[in-house]
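Each remark here refers to the structure printed beneath this line.
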Amino acid sequence: MTEFDGAVAIVTGGASGIGAATAALLADRGARVAVLDRDISAVPAGRFGVVCDVTDRAQVDAAIEAVIAEFGELDIVINNAGIGAAGNVAANDDDEWRRVLDVNVIGMARVTRAALPHLRASKVAAVVNTCSVVATIGVPDRALYAASKGAVAALTLAMAADHVREGIRVNAVTPGTADTPWVGRLLDAADDPDAAEAALKARQPMGRLVSAHEVAHAIAYLASPLSSSTTGTLLAVDGGMAGLRLPA
Ligand SMILES: NC(=O)c1ccc[n+]([C@@H]2O[C@H](COP(=O)([O-])OP(=O)(O)OC[C@H]3O[C@@H](n4cnc5c(N)ncnc54)[C@H](O)[C@@H]3O)[C@@H](O)[C@H]2O)c1
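The sequence shown maps to residues 340 to 587 in the numbering used here.
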C-alpha cells in the first residue's frame, strides 16, 4: 500500500516548476498522475500529458474527459497553472488584467467545475490550489498578481465550505519566492540579475529561495488521503516571509 494507493490526480501547469515537482512526487507516492498544461513538450516519458490551456473551456472539458478515458476516475485536482504580472496598480492595461485573472482565477474555477462530478464520486477527493504569499502580505510591484492570488485564497475557502459535506476537501499552499523557471525568467529580465536574485533571497527570513520540491511536499500533504480532517487551510511554504520579523 502506498499513501495515494492508485488515486488519480491531475496537475495543471504540471510541465514545469512547482507543478512538475508535484506531479513527480504524487506519482512516487502511488498516484496515477495526468499533467494538464498548455505546453506538454517537457512532460517526462511515461507520464500522461494532455494539452490544456486553462483559459479555454472546451480544452478543459476535453482534458478531463481524456483523463477519465485513460484512468476511469478522478480523485485529486492540483490547480497550479499560473502566470505572473509586475508593477503597481497602474502598470497593466485592462486586457492584461483580464488575461492574468483568466488564467490564475477563472482557470481554477473552470478546471474544478469540470472535475466536480468525478470528485463527488471519489472517496478521497481533494483539491489543492497554488496560491502565493502575496495573498497574505503586501509586496511592492505585484498589484495584479496579488489581486489574482487574493482571489485564489478566497475561492479556496469558499469552495472548501461549499463541498465539505460532499466529502471534497479544498486547501491551498502560499509559497514564497520559489526557485523555478518562472523566477529564472524574472531574473533574466532584470537589469542586474545577480542583485535582483540577492534582493529576492534577502526578502525571505531563511535567506534563500523556496525549492519547488518543498512546495510539492506541502501540496502532497494537503492532497493526501491521510490529511482527511484538513480543509479550508492556507499552508505557508514561504521560508518565514509572512510570519516572521527579524532584526535588520
Ligand atoms: N515561483 C514562485 O516564486 C511562485 C511563488 C508563489 C506562487 N507561485 C505559483 O506557483 C504556480 C506555478 O509556478 P511556477 O513557478 O512553477 O511557474 P512555471 O512558469 O515554472 O510553471 C508554470 C506552468 O504553468 C503552465 N501554464 C501557464 N499558463 C497556463 C495556461 N493558461 N493553461 C495551462 N497551463 C499553463 C506553464 O506552461 C508552465 O508549465 C503558479 O500558480 C504561481 O503563481 C509561484
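Even glycine gets a Cβ: it sits at the ideal position worked out from N, Cα and C. The structure displayed is predicted, hence computed values, not measured ones.
What's the gap between the Cα of residue i and the Cα of residue j?
i: Ala557; j: Thr469; result: 10 angstroms
i: Val347; j: Ala359; result: 16 angstroms
i: Ser566; j: Glu412; result: 20 angstroms
i: Ala384; j: Asp378; result: 14 angstroms
i: Ala535; j: Ala500; result: 40 angstroms
i: Ala474; j: Ala492; result: 7 angstroms
i: His457; j: Val576; result: 29 angstroms
i: Asn427; j: Val439; result: 14 angstroms
i: Val512; j: Asp530; result: 31 angstroms
i: Ile417; j: Val466; result: 6 angstroms
i: Lys488; j: Thr569; result: 21 angstroms
i: Asp533; j: Val393; result: 33 angstroms
i: Leu573; j: Arg542; result: 21 angstroms
i: Ser380; j: Leu585; result: 43 angstroms
i: Asp367; j: Ala555; result: 12 angstroms
i: Ala562; j: Asp432; result: 36 angstroms
i: Gly369; j: Ala528; result: 39 angstroms
i: Ile357; j: Ala587; result: 31 angstroms
i: Trp436; j: Thr341; result: 42 angstroms
i: Asp441; j: Pro564; result: 30 angstroms
i: Ile507; j: Met447; result: 15 angstroms
Below 8 angstroms on the Cβ atoms is my contact criterion, and I expect residue i with residue j to pass it. Report the Cβ-Cβ distance as a whole number of Å.
i: Ala362; j: Arg396; result: Not really, about 23 angstroms apart at Cβ, beyond 8 angstroms.
i: Val472; j: Met545; result: That pair is no contact at about 13 angstroms.
i: Phe343; j: Leu365; result: 6 angstroms
i: Val444; j: Leu494; result: 7 angstroms
i: Gly571; j: Val509; result: 7 angstroms
i: Gly515; j: Gly578; result: 5 angstroms
When you measure from the CB of residue i to every non-hydrogen atom of ligand 3, does any distance come out below 8 angstroms?
i: Arg377; result: In terms of ligand content, the structure shown lacks ligand 3 and carries ligand 1 instead.
Less than 9 angstroms between the C-beta atoms of residue i and residue j, yes or no?
i: Ile349; j: Ala402; result: yes
i: Ala373; j: Val406; result: yes
i: Val450; j: Ile415; result: no
i: Thr351; j: Ala420; result: yes
i: Ala517; j: Ala559; result: no
i: Val382; j: Ala354; result: yes
i: Val399; j: Ala453; result: yes
State the beta-bridge partners of residue i as determined by DSSP.
i: Gly388; result: Val374
i: Arg396; result: Partner(s): none; Arg396 has no beta bridge.
i: Leu573; result: Ala511
i: Ala517; result: Val549
i: Gly426; result: Arg481
i: Ala348; result: Val372, Ile415
Can you find a CB in chain D that lies within less than 9 angstroms of the CB of residue i?
i: Ala587; result: The chain labelled as chain D is not found in the depicted structure, where only one protein chain is given.
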